[in-house]
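Asker: According to mature numbering (1 follows the signal peptide of the UniProt record, and there is no 0), the sequence shown holds residues -17 to -1, 1 to 402 in order. Heads up, the beta-carbon is just placed ideally off N, CA and C, and yes, glycines get one too. Please read these numbers as outputs of a predicted model, since none were measured by experiment. One structure coming up, written as structure tokens, with questions to follow.
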Amino acid sequence: MKLILLTMLLLFDRYLGRTSSFSLLKYILSSNGNELKKVRSESELNGDDTVLDFIGLVQRYGYPAEEHNVITDDGYILTIHRIPNSPLSDKNEKKRVVFMQHGMTASSDSWVLLEPKKDLPILLADNGYDVWLGNFRGNTYCRSHVNLTTDNPKFWEFSYHDIGLHDTPQYIDYVLNYTGSKKLFYIGHSMGTSVSYVMLSMKPSYNDKMRLVISLAPVSYFKHKFPPILQRIMKDVPKLKRILEKEGIYDILPQSKMIKLLGTKLCNDKSIFQSICASIFYLVSGRDTAQTNASLLPYLMSYVPAGVSTQSLFHYYQNYLTGNFEAYDYGYEGNLIHYEKAKPPIYDVKKIVAPLALFYGINDVLTNEDDATELSKKLPNLVTCEAVPYECFSHFDFVVANDVKTLLYDRLLNLMKEF
């Protein structure tokens, strides 16, 4: 939701030549001098400058949590989190492994922001699973590289293609090696589904490492029609791209003091702007007033967004224009360098032979039944392609709906027992 609002403001300010306000927007969009400090305990929280990190979020409920680091073959230093067990399960019992991957502009934190009875990773731990949670390169936990700094534009030369090709396989190998397991469950939301399809189609050997792949709000083909206001914004993406490139902005919407402050001041229960905050939220998710707790918006905005490369955004825009699920288009010469062909390769999802279950929201404005159905037709080992049984279920409901456990998570837990 913040992306759309800031995009409109950015373009508006640029058209008017208001350089001072544009500088303010650059401050909001970037992370320089704008970072939140992550702390481990609630006693360390200090005003608008601090938030609990993943371990703090989990341990406050009495659950164990761990942090691990992996280095990709192209040099990115990534952080992966773990909930190894639950106070409700036998610590000594051999556990089946689950790997979870968040959506775009999020982090592993986004899975554990509600409460133990609603957070999927904790529910999985309660049911005897060893739960691991990945983070995308460039987000709040993954801003390091063996040679590059985030000030170097080369650090940001990646999209979800590179994440699926490098990061996700590295995560899978690390988790399986660490736990001594041969297979795991993969649960992805939104862009977390896209990277799994990239990995499984371009590195087919990883299909054998999957017990079951569960895709929540799967994103691959764009076959549905966006609402009019989103269509209008999509038309402005080329202008936005030119502006960001000219200003040297390669990552946007980090987890920041400014975003947290905006949420605290403008989206709280006493603010006259809370309804506007909610409307923007619905704009990019789908309107669901019954399952959205507007009082949580300031809290959620402390953790989401957590940063994304502009190249990932433009990669999705490219797929929207072409109608294909294909690799990032670097242009003729760039494609020859990256792919040894003039055009970006189309992902051959027929190579995804792992068992795969698709769950979509009827009221999801970003990806819905048309998109999921298009993908399902091409999958050779489809387990199910089904709507969450609630007509207003939206894109963000998969993670933060009031009744997400009964609407969706109970179904997932029962399905996983079959594998």
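Label Pro136 either buried or exposed according to how many other C-beta atoms from any shown protein chain fall within 10 Å of its C-beta, with 16 as the threshold for buried.
Answerer: Position 153 of the sequence shown, counted from the start, is the residue given in the question as residue 136. Exposed is the call here.
Asker: Taking Cβ to Cβ, would you say Leu398 is nearer than 8 Å to Tyr373?
Answerer: One-based indexing of the sequence shown puts residue 398 at position 415. One-based indexing of the sequence shown puts residue 373 at position 390. No. Outside cutoff.
Asker: With a threshold of 6 Å on Cβ separation, who are the neighbours of Thr33 within its own chain once the five nearest residues in sequence on each side are excluded?
Answerer: Position 50 of the sequence shown, counting from 1, holds the residue named residue 33. The residues are Lys20 and Val22.
Asker: Would you tell me roughly how many angstroms separate the C-alpha atoms of Arg79 and Gly111, rounded to the nearest one?
Answerer: Reading the sequence shown from its first residue, position 96 is the one you call residue 79. Reading the sequence shown from its first residue, position 128 is the one you call residue 111. Rounded to the nearest angstrom, the two C-alpha atoms are 7 Å apart.
Asker: How many angstroms separate the CA atom of Asp109 from the CA atom of Glu98?
Answerer: Along the sequence shown, one-based indexing puts residue 109 at 126. Along the sequence shown, one-based indexing puts residue 98 at 115. Cα-Cα distance, rounded: 13 Å.
Asker: If you draw a straight line from the alpha carbon of Lys77 to that of Ala289, how long is it in whole angstroms?
Answerer: For the purposes of this step, residue 77 is taken as residue 94 along the sequence shown, with counting starting at 1. For the purposes of this step, residue 289 is taken as residue 306 along the sequence shown, with counting starting at 1. Roughly 34 Å separates the two Cα atoms.
Asker: From Ser91, Phe37, Tyr180 and Pro152, pick the residue whose C-alpha is nearest to that of Val336; which is it?
Answerer: In the sequence shown, counting from the first residue as 1, residue 336 sits at position 353. The option with the nearest alpha carbon to Val336 is Tyr180.
Asker: Asn52 bridges to which residues according to DSSP?
Answerer: Taking the first residue of the sequence shown as position 1, residue 52 is located at position 69. DSSP lists Thr62 as partners of Asn52.
Asker: Does DSSP classify Cys375 as helix, strand or coil?
Answerer: Taking the first residue of the sequence shown as position 1, residue 375 is located at position 392. Three-state DSSP puts Cys375 in coil, outside helix and strand.
Asker: Do you know whose CA, among Asp312, Asp380 and Phe402, lies nearest Leu96's CA?
Answerer: Indexing the sequence shown from 1 puts residue 96 at position 113. When only C-alpha atoms are compared, the closest one is Asp380.
Asker: With Lys186 as the anchor, note down where its alpha helix (DSSP H) starts and where it stops.
Answerer: As a working mapping, residue 186 is identified with position 203 in the sequence shown. Run containing Lys186: none; DSSP gives neither H nor E here.
Asker: Would you mind working out which of Leu28, Glu50, Asp102 and Ala89 sits nearest Asn385, comparing C-alpha positions?
Answerer: The count along the sequence shown starts at 1 and reaches residue 385 at position 402. When each option's Cα is compared against that of Asn385, the closest is Asp102.
Asker: Quick check: what's the CA-CA separation for Asn351 versus Ala200?
Answerer: Here residue 351 refers to the residue found at position 368 of the sequence shown. Here residue 200 refers to the residue found at position 217 of the sequence shown. Using only the alpha carbons, I get a separation of about 7 Å.
Asker: On the premise that His378 lies in contact with Ser285, defined as a C-beta separation below 8 Å, what is that separation, rounded to the nearest angstrom?
Answerer: Position 302 of the sequence shown, counted from the first residue, corresponds to residue 285. Position 395 of the sequence shown, counted from the first residue, corresponds to residue 378. With a Cβ gap of about 20 Å, Ser285 and His378 do not count as contacting.
Asker: Could you pull out every residue in the same chain whose Cβ sits closer than 6 Å to the Cβ of Tyr313, ignoring the five residues on either side in sequence?
Answerer: Numbered from its first residue, the sequence shown carries residue 313 at position 330. Contacts found: His321.
Asker: Report yes or no: do three or more beta-carbon pairs, one from the region 336 to 346 and one from the region 242 to 249, lie closer than 8 Å?
Answerer: These segments do not touch.
Asker: Give me whichever residues DSSP pairs with Asp113 in a beta bridge.
Answerer: Reading the sequence shown from its first residue, position 130 is the one you call residue 113. According to DSSP, Asp113 bridges with Val80.
Asker: Give the list of continuous alpha helix (DSSP H) stretches no shorter than 4 residues that lie fully inside the region 258 to 331.
Answerer: With a minimum length of 4 residues, the continuous alpha helix (DSSP H) runs that stay inside the region 258 to 331 are 280 to 283, 293 to 305 and 314 to 322.
Asker: Use the C-beta contact count for Phe119: other C-beta atoms within 10 angstroms, 16 or more gives buried, fewer gives exposed.
Answerer: Taking the sequence shown and counting its residues from 1, the one referred to as residue 119 is at position 136. It counts as buried.
Asker: Going by CA-CA distance only, name the one from Asp150, Leu28, Arg270 and His144 that's closest to Tyr59.
Answerer: Numbered from its first residue, the sequence shown carries residue 59 at position 76. Answer by Cα proximity: Asp150.
Asker: So what does DSSP say about Ser4, is it helix, strand or coil?
Answerer: Translated into positions along the sequence shown, residue 4 becomes position 21. Any answer about Ser4 is weak, because its pLDDT of 49 lies below 50 and its placement is not dependable; what the coordinates show is given next. Ser4 falls in the helix class under three-state DSSP.
Asker: State the DSSP-derived secondary structure class of Met193, mapped to helix, strand or coil.
Answerer: Counting from one through the sequence shown, the residue named residue 193 turns up at place 210. It is a strand residue.
Asker: Just verifying my parser: in three-state terms, what is the DSSP assignment at Lys20?
Answerer: As a working mapping, residue 20 is identified with position 37 in the sequence shown. Three-state result, Lys20: strand.
Asker: Within 10 angstroms of the Cβ of Pro338, are there 16 or more other Cβ atoms? Answer buried if so, exposed if not.
Answerer: Here residue 338 corresponds to residue number 355 of the sequence shown, with the count starting at 1. Looking at its Cβ environment, which holds 16 or more other Cβ atoms inside 10 Å, Pro338 is buried.
Asker: Within the same chain, show all residues whose beta-carbon is closer than 6 Å to that of Val129, passing over the 5 residues directly before and after it, in chain order.
Answerer: As a working note, residue 129 is residue 146 in the sequence shown. Result list for Val129: Gly58, in chain order.
Asker: For Asp156, does the count of other Cβ atoms within 10 angstroms reach 16, so buried, or fall short, so exposed?
Answerer: By one-based count along the sequence shown, residue 156 stands at place 173. So Asp156 ends up on the exposed side.
Asker: Between the region 159 to 174 and the region 186 to 206, do at least 3 Cβ pairs fall closer than 8 Å?
Answerer: In short, these stretches touch, since the Cβ pair count reaches three.
Asker: Have a look at Lys324 and Asn52 and give me their C-alpha separation to the nearest angstrom.
Answerer: For this step, residue 324 is matched to residue 341 along the sequence shown. For this step, residue 52 is matched to residue 69 along the sequence shown. When rounded, the distance between both Cα atoms is 34 Å.
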